[in-house]
Ligand SMILES: [Zn+2]
């Protein structure tokens with residue numbers, strides 16, 4: 001058995017591909033990046049097609065453009081029959097469309113196109129839902145239905161994207177940031193409605209946390225996976241400090257993390273990670289820490305040189321790879 005994970009370059013968004021199984025391979029795609037990066041999404045579909053496989057599940061975690069843009073562009077020109085099922089909460093938006101002057105147009109349009117193409121869209125994916133796919137078990141952590149319904153009442157989500165990173169914060173050492181850290185929680189309604197789930201396959205547990213709120217993830221983790229460690233975690237909301245408090249990092253108890261972002265991650269998040277894990281590897285789809293003095297000399301001495309923090313780029317067409325019986329995740333050409 002094996003699990004292959006590709007974290008595609010999705011600009012500021014997410015586009016992650018999980019391929020797993022023995023003789024028969026299962027494929028799950030989580031989000032589709034921005035419209036400008038639609039090529040990454042279509043490239044995955046083409047590879048699946050060439051291998052005579054299918055996309056068992058496409059999870060569109062929430063309605064923000066950096067998660068659905070690539071698929072919306074793709075579906076305009078393709079039949080999508082290769083995609084067996086989609087998880088998407090687009091109908092909550094439809095329900096409220098009449099009363100919001102600037103409804104999240106893209107999500108509404110995408111829902112309509114999928115309906116026209118008779119795609120199998122599941123919009124009832126809530127906390128506690130379970131699914132089996134090709135021997136893997138998926139357990140949904142978030143959202144609860146209330147959060148999905150609230151999104152319907154949302155004005156255009158332009159304001160709900162990534163919060164700007166504080167100027168000059170990279171000049172501070174990780175230790176200074178940790179000591180002076182103040183956490184404020186994410187207040188985005190669309191992120192509150194983000195699907196996040198745990199993928200379990202042959203003893204390995206991978207958590208894909210979308211842009212979900214930390215408080216909701218922690219609560220679900222305690223209820224559904226109490227005392228259970230994760231083997232790999234895609235951190236929520238591109239590593240934003242508003243979604244990644246120390247409590248979340250501790251509760252996930254995982255030394256293999258993914259940050260999907262094309263700009264520097266909030267350094268507060270990294271400070272919390274190095275203080276909550278003994279040793280940690282962060283896999284990134286862009287090398288945002290290079291050439292900008294992101295890590296100080298002190299950081300290098302304390303964490304990077306001692307390999308308490310390993311930060312790696314997942315290059316194009318390379319997969320983070322796990323083999324049966326091994327706890328180490330390696331990068332391998334797929
Ligand atoms: Zn996002």
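Numbering (UniProt numbering), first residue to last: 1 to 334. Ideal Cβ placement from N, Cα and C applies to all residues, glycine included.
Asked	Found
Residue 263 to residue 52 span [Cα, whole Å]	36 Å
Residues near residue 272 by beta carbon distance below 6 Å, same chain, minus five either side	246 and 249
Residues sharing a beta bridge with residue 19, DSSP	4 and 27
Integer-rounded CB distance, given that residue 142 should sit under 8 Å from residue 217	6 Å
Beta-carbon gap between residue 80 and residue 41 smaller than 8 Å	no
Local Cβ density within 10 Å of residue 8, reported as buried at 16 or more and exposed below that	buried
Enclosing beta strand (DSSP E) for residue 256 [first to last residue]	256 to 259
Residue 158 (DSSP reduced to helix, strand or coil)	Any reading at residue 158 is ruled out, since the residue's pLDDT is 33, under 50, leaving its predicted position unreliable.
Alpha-carbon to alpha-carbon, residue 306 and residue 148	44 Å
Straight-line Cα distance separating residue 239 from residue 135	30 Å
Limits of the unbroken beta strand (DSSP E) element including residue 11	Neither: residue 11 is in no beta strand (DSSP E) and is coded neither H nor E.
beta-carbon residue 213 near ligand 3 non-hydrogen atom, thresh 7 Å	Among the ligands in the structure shown, ligand 3 does not appear; only ligand 1 can be found there.
Residue(s) in a DSSP beta bridge with residue 313	284
Spatial neighbours of residue 183 in its chain, beta-carbon cut-off 6 Å, leaving aside the 5 residues before and after	245
Cα-Cα separation between residue 328 and residue 205, rounded to whole angstroms	13 Å
C-beta contact flag for residue 186 and residue 243 at 8 Å	yes
Contact under 8 Å by Cβ, residue 83 with residue 55	yes
Alpha carbon of residue 285 to alpha carbon of residue 70, nearest angstrom	16 Å
Same chain, Cβ closer than 6 Å to residue 348, neighbours up to 5 away in sequence not counted	With the chain covering only 1 through 334, there is no way to say anything about residue 348.
Contact test: residue 64 Cβ vs ligand 1 heavy atom, cutoff 7 Å	yes
Whole runs of the beta strand (DSSP E) within the stretch 33 to 94, excluding any shorter than 3 residues	57 to 59
Anticipated Cβ contact below 8 Å, residue 282 with residue 259, distance rounded	6 Å
Simplified DSSP state of residue 328, which is helix, strand or coil	coil
N- and C-terminal bounds of the beta strand (DSSP E) containing residue 200	196 to 201
Environment of residue 156 [buried if 16+ CB atoms lie within 10 Å]	Confidence is the limiting factor: at residue 156 the pLDDT is only 38, short of 50, which leaves the residue's position unreliable, though a coordinate-based value still follows. Flag for residue 156 reads exposed.
Any non-hydrogen atom of ligand 1 closer than 7 Å to residue 231 Cβ	no
7 Å Cβ shell around residue 330 - same chain, five flanking residues per side excluded	321
Unbroken beta strand (DSSP E) run spanning residue 318, endpoints	318 to 323
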